[in-house]
Each structure stands twice: as C-alpha cells, then as structure tokens.
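Asker: Chains as they are written, first to last, in the working numbering: chain A, 1 to 503; chain B, 1 to 321; chain C, 1 to 158.
Even glycine gets a Cβ: it sits at the ideal position worked out from N, Cα and C.
For clarity, every value in this text was computed on a predicted model and none was experimentally measured.
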Amino acid sequence: MDLLSQVAHGFAVALTPINLLYCFIGVFIGTLVGVLPGIGPVSAMSLLMPVTLAGTPESGIIMMAGIYYGSMYGGSTTSILVNIPGEATSVVTCLDGHEMAKQGRAGPALGMAAIASFIAGTIAVVGLMIIAPYLAHFAVAFGPAEMFSLMVLGLVIVTFLTQGSMLKSLLMASAGIVLGLVGLDSITAQPRLTFDRLELYDGIGLVPVVMGLFGVAEVLSNIEQGIKRTVSNADIGSKLPTRDDWKRSKGPIGRGTVLGFFLGIIPGGGAVIAAFASYALEKRLSKTPERFGKGAIEGVAGPEAANNSAAGGAFIPLLTLGIPPNVVMALLLGAFVIHNIQPGPLLMVQRPDLFWGVITSMYIGNVMLLVLNLPLIGIWVQLLRLPYNILFPMILLFTVIGVFASSNNVFDLYVMIAFGLIGYLTRKLGYEAAPLVLAFVLGSIMENKLRTALIISAGDLTTFFTKPISAVCLSVAAIMLLMPLIPVLRKKREQVALEDGQS
Amino acid sequence: MKRTALALLSAAILAAVAAPAAAQNFPTKPINLIVPWPAGGSTDIAMRAIAEAASKHLGQPIIVDNRAGGSGTVGPAQMAATAKPDGYTIAQIPITIFRLPLMQKTTWDAQKDFTYIAHLTGYTFGVTVRADSEFKTWADVVKFAKANPGKVTYATPGAGTSLHIGMEQIAAREGIKVTQVPFKGGAETNAAVLGGHTMLQVESSGWKALVDAGKLRLLMIWTAKPSANYPGVPTLQQLGYPFVFDSPFGIAGPKGMDPKIVATIHDAFKKAVDDPAVQATLAKYDMVVNYKNTADYVKFVKEVIDAESKVVDMLGLKKKE
Amino acid sequence: MKSSGLRINNAELWGGAIWFAISLFVLEQGRQLGLGSINSPGMGFMMFWLGIVMGGLSLIIAVQSIQSEGPSVRSLWAGTRWAKTLIVIVTFIIYAFAFTRLGFLLSTIPLMLVLLRAIDPVRWTIALPLSFAAPLLIWWVLERVLQIQLPTGMFEIG
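1) Closer than 9 Å, CB to CB, is T100(C) near chain A or not?
2) I'd like to know if the stretch 4-15 of chain A and the stretch 356-376 of chain A are in contact, where contact means that at least 3 CB-CB pairs between them fall below 8 Å.
3) Enumerated in chain order, which unbroken segments of the beta strand (DSSP E) with a length of 3 residues or greater are wholly contained in the stretch 109-192 of chain B?
4) As a quick exercise: from P76(B), N25(B), G40(B) and A171(B), pick the residue whose alpha carbon is nearest that of S205(B).
5) So which residues on chain A does S58(C) lean against when the C-beta distance must stay under 7 Å?
6) Would you call E282(A) buried or exposed, if buried means 16 or more other Cβ atoms sit within 10 Å of its Cβ?
7) Is Y220(B) helix, strand or coil when you go by DSSP?
8) Can you pull the chain C neighbours of I455(A), defined as C-beta to C-beta under 7 Å?
9) Pick from G70(A), P41(A), G111(A) and M166(A): whose alpha carbon is nearest that of Y431(A)?
10) Threshold first: 4 residues or longer. Then list the alpha helix (DSSP H) segments lying entirely within the stretch 29-75 of chain A, N to C.
11) Assuming the contact rule is C-beta atoms closer than 8 Å, Q225(A) and T80(C) should be a hit. Round their C-beta distance to whole Å, please.
12) Whole angstroms are fine: how far does the CA of Y154(B) sit from the CA of E447(A)?
13) What does the Cβ neighbour count give for I67(A), buried or exposed, with the cut at 16 atoms within 10 Å?
14) Figure out for me which residue from I31(B), K29(B), K84(B) and R67(B) has the closest Cα to the Cα of K255(B).
15) For the candidate residues G143(A), T77(A) and D202(A), whose alpha-carbon lies nearest to that of A114(A)?
16) Could you give the DSSP three-state label for V152(A): helix, strand or coil?
17) Checking 9 Å against the spacing of the C-beta atoms, do K184(B) and S186(A) come in under that value?
18) Is V337(A) close to chain B, meaning its C-beta is less than 9 Å from at least one C-beta of that chain?
19) Given M112(A), which residues of its chain have a CB within under 7 Å of its CB, disregarding the five upstream and five downstream residues?
20) Please say whether L150(A) and I266(A) have beta carbons closer to each other than 9 Å?
21) Please work out which residues of its chain come closer than 8 Å, Cβ to Cβ, to P135(C), disregarding the five sequence neighbours upstream and downstream, and give them in chain order.
22) I'd like the list of long-range same chain contacts for V301(B), defined as Cβ closer than 8 Å, with 5 residues on each side in sequence excluded.
23) Under 9 Å Cβ-Cβ, which residues of chain A neighbour T108(C)?
24) Is the beta carbon of T223(B) sitting closer than 9 Å to the one on H266(B)?
25) My assumption, with CB atoms under 8 Å, is that T52(A) sits in contact with G60(A). Please give the rounded CB distance.
26) Given S72(C), which residues of its chain have a CB within under 8 Å of its CB, disregarding the five upstream and five downstream residues?
27) How many Å lie between Q6(A) and P352(A) at the Cα?
28) How big is the Cα-Cα spacing for H137(A) and V337(A)?
29) In chain C, which residues lie less than 8 Å from S470(A) when you measure between Cβ atoms?
30) Which residue marks the beginning of the beta strand (DSSP E) containing E203(B), and which one marks its end?
31) Could you check whether the Cβ of Y201(A) sits closer than 9 Å to any Cβ belonging to chain B?
32) By the criterion of Cβ-Cβ separation under 7 Å, what are the contact partners of P50(A) in chain B?
33) What is the DSSP secondary structure of T235(B), reduced to helix, strand or coil?
34) Expressed to the nearest angstrom, what Euclidean distance is found between the alpha-carbon atoms of I479(A) and V35(A)?
35) Counting along the chain, where does the alpha helix (DSSP H) carrying T93(A) start and finish?
36) Along the stretch 197-228 of chain B, what residues have a CB closer than 7 Å to any CB found in chain A?
Structure follows, in structure tokens:
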C-alpha cells in the first residue's frame with residue numbers, strides 16, 4: 001500500500017504541465033540525437049545541462065532522463081534503414097533489421113523495434129519501482145574478477161551471433177580486443193600500439209570503427225553487386241508488423257526485457273552485452289535458427305527490448321548507491337549535484353517526490369515516445385523509395401558527418417575509410433564485423449579488470465573459479481564453446497554407423 | 001548595379017562564414033573540461049559544480065568529459081598530446097601529473113607541456129570499510145595486517161596517487177605490508193569496497209553519501225584538523241602519525257595558449273570558486289577553496305615537483321634511469 | 001569432394017596467413033610492452049596471450065583450408081563490379097585528403113557529384129542540385145544550429 005501511495009505521489013509530480021513539457025522536450029531531443037549518428041545522448045545532455053538549471057530539479061532530471069531513453073528508441077532507426085548503428089547497443093539490430101529492410105520489410109522492423117522498446121521500457125520502470133532497493137547489492141556484486149568473467153562470457157556469446165564459422169568470429173573478437181587496447185594504458189598511462197601517432201593516444205574512436213565496418217562496407221558491397229535491391233513500392237506499403245511477426249516476437253520481447261534489466265544494473269558494458277546476449281538467446285531457442293541474419297524479426301524485437309530495459313536497470317545503482325554505471329548516468333548525477341541533491345542510499349528517504357517523480361515520468365515518457373515514433377516510421381520508410389544510386393552518396397555523406405561531428409578530427413575520417421575497407425574485405429572472406437565491434441567496446445574494460453583481479457588475488461588464477469558469479473559465467477562460456485563440437489562428433493559417429501550399415 | 005549587389009551578397013556571406021578572430025571573442029562555442037576520473041567521484045562532483053558556475057561567467061556551456069585512467073593522468077596526457085591550445089579544451093590537473101614522471105616513463109613533461117590557468121581546491125582523504133567489516137578502528141587494521149602481511153587490500157583511484165603514496169608511508173611507519181589495488185576513481189573504489197572486493201577504500205570524500213547512509217564506516221581522515229562533518233573520526237596526527245596528506249588541484253590547458261584566453265578562463269573560474277553556492281557544495285565534501293592565480297600556480301608546480309621527488313625517493317618508488 | 005591440397009590462390013589460406021602474421025605482431029608488441037608478473041600483470045600481458053590465442057585460431061583456419069576446398073581469390077570477385085567499388089574507395093580517400101585542405105563545402109560538393117555521376121549515373125538535373133543542396137544544408141545545421149565547426153580549408157569557405 002505504501003508503494004502505491006508513493007507511486008500516486010510520483011504521478012502527481014510527473015503529471016504537472018511543466019514536467020510533462022520537459023518530459024516531452026527530453027524524449028523529442030532523445031529521438032533526434034538517437035537518429036543522428038555521432039551525436040549521442042551524452043553530448044546532447046551536456047549541452048542542455050545549463051537549461052535544466054532554470055526549472056526545478058524534478059523538471060531538469062525528467063528532461064535529462066528523457067533524452068537518454070529517447071535516444072535508445074532512435075538508435076535503431078538508422079541501423080534498420082541504412083545499416084549504420086547509432087551506438088554500440090544497436091549494432092546487433094543491424095544484423096536482422098537491415099536485412100528486413102532489404103526485403104522491403106523496413107516498416108514492420110521499425111514498428112517492432114518501437115513497440116518492443118515501449119514494452120521493455122515500461123516493464124523496466126515497473127521493475128525499478130518495485131525491486132530497485134533490493135537490487136543495490138547486485139550492482140556491486142560484480143568486482144574485477146566477476147566483471148572479467150562476464151566479459152569473457154559476452155565475447156563467447158558474440159561468436160554465436162554470426163552465421164559463419166565460430167573460429168572466424170573468435171578471431172575477429174580477439175582483433176577487436178587488441179584494437180580496444182590502443183591508446184594510453186588505463187593503469188600506467190603509457191602509450192600502447194600508438195606508433196607515435198598522437199591521435200591514437202585517445203584510442204581508436206568507436207564511431208569511425210562502427211561507421212566504417214557497417215555503413216561504408218555495406219555501401220561498397222552493394223555497389224559491387226549492382227542495384228539488386230530496388231524495393232518495389234508495393235512491398236513498402238505495410239508499416240506494421242503482421243500477426244505472424246507478433247507471434248514470433250512475444251517471447252523475445254519478454255526474455256529480452258528481463259535480460260536487459262539485470263545486465264543493465266551492472267556498471268560498465270552491461271547494456272551492450274544485454275543486446276548481444278538477447279540475440280544469441282533467441283537464436284538458440286529458435287526452432288529455425290537459420291533464419292537469423294536473414295531478416296528474422298525476433299532478432300530485432302529481442303535486442304531492442306533488451307537495450308531499452310537496460311536503460312531502466314542502469315538507474316538502479318545511481319539512485320540507490322550514487323554510483324553511475326555509465327557515462328549517461330554520470331551526467332544525470334551531475335544534474336543532481338548541480339541542483340544540490342546527493343544521489344545515494346538516502347535519496348529515496350530524503351527526496352521521495354523527486355525519486356518517484358522521475359521514475360513515473362519515465363512511464364509517461366515511454367508512452368510519448370511510442371506516439372512520436374510510430375507515425376515517423378511512415379516517413380523513414382519513404383526514404384527507401386529513393387533509388388540506390390541517389391541513396392548511397394547520401395549514406396556516405398551521413399557517415400562523414402557522423403564521424404566528424406563526434407570527434408571534430410579528420411584523422412577519424414581516415415580511420416573510418418580504413419575500417420570500411422577492412423569490413424568490405426573481411427566480409428568477402430566470411431568474417432563478420434559484429435564480434436569485432438563488441439570486443440572493441442569491451443576490450444579495454446576486460447583487460448583492466450583482469451589485471452586488477454590478479455592484483456587482488458595476489459596472482460592466484462583460481463580466483464576466477466572460486467568466486468561464484470565468476471565461476472558461473474565462465475562455466476556457461478565453456479559450455480557454449482564446446483556445445484557446437486558435440487553435434488559434429490555425434491554426426492560423425494552416426495555417419496560412421498550409417499556407412500558401416502551400408503557396407 | 002547587379003554586379004554590386006552580387007559583390008555585396010558574397011561579401012556578406014563571406015563575413016558570415018569567416019572564422020571570427022579567436023582571442024577577442026573567446027569563447028564562441030562550448031568548452032571541454034577533461035576530468036580524468038570516472039563520473040560520480042568527489043573530483044567529478046566538485047568540478048561539475050565549479051564548471052557550472054564558471055560557465056555562467058563565460059557565457060558558454062562547459063562540458064565535463066570524464067576520461068579516467070592512469071591515476072588521473074590519461075586525460076591531461078591526451079590533452080597535452082592532441083588538443084589545440086585554443087582554450088576550448090582544458091583539464092583538471094591532479095597531483096599525479098607531477099608525481100608520475102618521477103616514478104616512471106611518461107608521455108608528458110609537467111613543466112613544459114601545459115599552460116597552467118588557476119589553482120582551485122584540494123581534497124579531504126579518508127579510509128573507509130564496509131559497515132559490516134570486522135575492522136572497527138584503524139588499530140584493528142594494523143593488528144590484522146601485522147598478523148597477515150600483504151593480505152589487507154586497499155582500493156585507490158590509481159597507482160602513484162596521493163592515496164597510494166600516503167598509505168605506503170603509513171604502512172612503512174607501522175612496518176606492515178598492505179596491497180594496493182588501483183582503480184580509476186571514486187565511483188569504482190566505492191563499488192569495490194561495498195561489494196567486498198577489497199577490504200579498505202582509500203579515497204577522497206566521494207564516499208560521503210555512503211558513509212552518511214551507514215553503508216560504509218570511516219576509520220580515519222588525513223587532514224590536519226578533524227572534519228566538522230565527522231567530529232568523532234581521528235586524523236592521522238591523532239593516531240600518532242606525523243603526516244597530513246592532501247592533494248591540491250587546479251586546471252590547465254595544452255602548452256602555448258594565448259595569455260588573453262588564459263586570463264578569460266582564469267577570471268571565470270576565480271569567480272566560480274568565490275561563489276557561495278559552489279563553496280557550499282565543496283564544503284559538503286570537506287573540500288576547501290585553495291585559490292592560486294596563474295603565476296603562483298606555475299611557481300607552485302615547481303615546488304610540488306621538488307617536494308614529491310624527495311618522498312618518492314624515500315619510498316623507493318623513484319624511476320630507474 | 002576432392003582434396004585440394006596446397007593451392008596458392010586459396011582465399012581461406014590467405015586469410016589464415018594474414019591473421020597469423022597479425023597475431024605474431026600482437027604477440028611481439030605484448031612482449032615489448034612488458035608482461036609484468038602474475039600478481040601484477042604488465043601492459044603487454046593481455047596482448048601477449050591474445051597473440052597466442054589468435055595465432056592458434058589462424059593456424060587452424062589455414063590447416064582447414066588446405067584440407068577442404070575453399071573459394072579461390074579470383075572467384076570472390078568474379079561477376080562483380082569491382083571497378084566501381086574501387087572508384088568509390090579511391091574517391092573517398094582523395095576526399096579525406098582534401099577535407100581539411102579545401103574545407104567541407106569545396107570538398108563535399110565535388111564528392112557528391114562524382115558519386116552521383118560515376119557509379120550509376122543520376123540525371124544531371126537531379127545530381128547537380130542535390131550535390132549542392134545536401135552539403136549546404138548539413139553545413140548550416142552543424143555550423144549554425146549545433147555549433148560544430150567544420151574545416152574551412154585554405155580558401156576559408158564554409
């Protein structure tokens with residue numbers, strides 16, 4: 001009962017006209033920056049931070065939060081339309097989302113992405129209300145050893161995403177980790193693999209890598225194939241998912257939501273792993289895993305649900321412990337501080353109006369996002385009617401802008417072209433880019449955690465097996481690595497048996 | 001007639017698009033402030049509060065860019081290597097920028113590669129444990145460490161930070177061996193001690209909210225005088241150690257900045273630390289304004305390097321040539 | 001399925017060989033950066049072991065490619081319009097080179113013209129206005145609305 005009255009109180013705060021307005025501005029800007037590559041929620045929130053000072057703390061934080069989860073909706077749009085992921089979490093949406101668009105099913109893909117996001121976002125808010133206080137421990141349960149093992153599991157999961165050989169995926173993932181290590185070392189501040197190029201001291205940028213491997217490489221392959229992908233106007237007609245799409249997506253949305261919520265709580269890289277893990281899970285559970293990578297709607301619904309509910313889960317460590325799990329949450333923390341509020345264990349007690357007001361506003365914000373995004377799908381889909389010879393220069397221009405806007409450095413333009421070429425060539429040889437991107441994002445965190453974990457355990461490698469969470473992660477990873485071998489062995493045995501019988 | 005109109009039009013376009021003279025109009029776009037610690041620690045919170053106030057005087061937003069790692073040196077080192085000295089990229093300069101070059105090979109020269117702008121404030125350091133820890137007082141830690149050499153792990157925001165150096169000095173005096181675990185900053189060390197991954201956290205006052213909520217226990221603080229916020233907590237001197245550790249910090253840009261731009265930024269930050277609202281936020285974290293102007297800051301850098309050189313040498317951490 | 005043996009234009013084999021070279025490089029870099037000790041791993045620790053893992057994986061790929069038929073290098077490009085792809089890549093590299101020297105507008109407008117005309121030619125009546133309008137619009141949005149400065153180049157235009 002106590003909870004209900006607090007929620008009611010929260011709605012009373014969130015539903016005041018001024019807070020509704022701020023909420024709308026937030027989700028609107030969020031959708032916008034989600035669609036524009038290179039300009040993420042972080043830069044938008046930083047720029048708008050001073051604006052939030054004008055109003056009450058509630059309004060400011062409601063708006064900032066709106067930008068964050070709003071950008072999660074927008075991020076999938078470019079992934080589906082032109083194979084350019086807005087951020088690391090929507091890389092996985094490219095795999096099947098863009099395939100669907102190629103088959104003229106951009107409408108259902110976009111529609112399902114929006115609906116999955118809505119459902120997951122809403123459920124995550126409910127989860128946040130009910131169980132947030134109990135999950136504070138979960139957020140800090142992941143120490144260096146646990147984080148390292150989780151990252152290992154994440155990378156093993158990635159190798160399941162692709163259609164090609166697992167060996168090649170593992171190689172791409174290893175290369176991704178190495179690329180992630182370029183720059184100044186996180187412990188000693190000395191340069192690694194920088195070859196005296198000062199630009200590399202910052203490390204290689206994520207945006208140029210992703211734009212190159214996905215956006216540019218896709219364009220290069222399409223040009224080479226000639227224009228096979230003129231989508232007829234009739235195909236584009238249907239904007240909404242069919243009944244069959246719904247049936248397929250129910251499970252993935254549910255599982256993606258739960259997965260995303262819990263992984264989102266873990267500081268550093270949780271949300272990215274959530275999207276990939278959801279995809280891998282759906283592919284494993286599917287009766288027709290061969291459809292994945294060729295336009296399976298489950299591959300859009302699951303990961304989209306996962307990354308949106310992860311955005312909800314990410315609030316838990318911030319609101320309950322004052323520990324921000326990612327950069328966006330850190331900005332929110334900054335907003336709290338500027339308003340002279342200390343987020344932490346006492347926030348719920350000291351400022352219940354703020355706590356519940358922000359949380360309930362997210363519920364309202366998700367409704368706004370759905371209303372905002374569904375009509376937009378019609379407009380986005382129209383874009384695909386452009387003939388490819390007009391569309392592709394626009395896509396390339398889009399990548400140039402995204403790369404330059406994110407870093408203001410022409411060096412990144414070269415990086416993007418280089419990765420465009422790498423992406424094009426590796427694709428030819430059957431090496432897929434997704435594992436490399438995830439490993440690239442996780443690589444430097446993983447390395448740092450490995451070293452810290454070994455310092456804590458005084459060089460004792462068994463620490464990874466004696467800590468329960470870590471042991472579970474590693475065992476699952478080992479099972480997943482060995483599993484593909486079992487059917488091969490069994491098949492060989494059957495084959496031998498068959499041949500014996502025939503002879 | 002038509003030709004003049006065209007000429008006028010093109011002149012107008014040119015005027016509109018030409019880059020404005022840099023120093024006079026500074027700043028014309030948002031300024032990036034690199035904070036080399038993860039978000040949510042005490043430095044981050046303090047710098048955000050100061051930056052917010054300074055941006056009002058500059059008329060442009062200041063964007064805090066958290067680039068943690070290398071004990072707070074990765075961010076400034078990256079700035080020194082890559083940023084243009086146009087005033088649009090500045091960084092918080094922790095003391096490790098001066099100390100690390102004494103201990104190991106680094107990519108920067110503290111006296112040559114930065115344009116120092118203003119000295120701002122310093123930290124209050126403290127040692128915390130989780131509330132359910134068996135260590136009730138600092139004496140418990142010492143007793144345990146004597147019985148189990150090297151078993152006590154303490155989380156710091158990085159190797160070579162004042163926390164690391166200070167803790168090693170205390171340990172040397174007690175004759176105990178403790179193991180440092182370097183993290184990237186306060187948000188991470190908080191999580192490490194809360195999750196039971198390390199026994200102690202040695203950090204600046206980013207632990208405040210958690211101590212206030214009773215999730216962490218503060219064993220000692222490293223200031224000269226007891227904290228007004230935590231009157232019962234002993235200082236190092238009260239525990240019998242002849243030390244006071246703090247770690248003052250300021251801001252700087254890449255080398256070769258226009259003195260006019262330096263003055264503009266300096267003035268804005270000076271006004272910011274004079275702002276009572278900012279001082280109130282700092283006070284919450286037991287931080288006191290320790291302002292020095294540009295010239296004094298440069299002089300101070302040299303003094304710090306000389307002093308640190310002796311300490312590092314004494315602990316045997318000095319770089320081997 | 002015929003056994004192919006060691007074939008010099010086996011694309012898979014080349015892939016494995018290139019990866020093997022990369023892994024040796026990574027391993028050597030890791031070694032140079034310093035492995036540290038097990039209770040305090042150094043900067044090259046992770047890279048060294050990754051180099052070993054990558055080396056192993058690439059060798060397996062190379063061996064597999066010898067055992068079973070892989071596509072030949074030539075077949076990968078057979079029947080494709082590789083010349084057009086090459087044009088796009090070269091144009092793009094020239095563009096990156098010109099980007100800061102000529103400025104955003106003076107380099108992007110020609111880029112758009114080349115891309116629109118050289119691959120699958122678009123009518124001039126569409127290509128021309130589009131190559132001017134799109135960069136100008138983007139320039140306006142970035143420079144004026146978002147305050148992101150684009151390079152102006154030596155003629156200081158844009």
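Answerer: Working from what's here:
1) yes
2) yes
3) 114-121, 125-130, 153-156 and 179-182
4) G40(B)
5) L171
6) buried
7) According to the sequence provided, residue 220(B) is Met. The question's Tyr does not apply to it. Strand.
8) N39 and S40
9) M166(A)
10) 41-52
11) 7 Å
12) 20 Å
13) buried
14) K84(B)
15) T77(A)
16) helix
17) yes
18) yes
19) P241, D245, S249, I297, V300 and A301
20) yes
21) F104, L105, T108, I109 and M112
22) F98, A110, Q111 and Y116
23) L397 and V400
24) no
25) 3 Å
26) R7, N9, N10 and A11
27) 8 Å
28) 23 Å
29) Ordered by position in chain C, no residue passes the 8 Å Cβ test against S470(A), which lies about 17 Å from the chain.
30) L200 to S204
31) yes
32) S55 and P61
33) strand
34) 38 Å
35) V91 to K102
36) H197, T198, A209, L210, D212, A213 and K215
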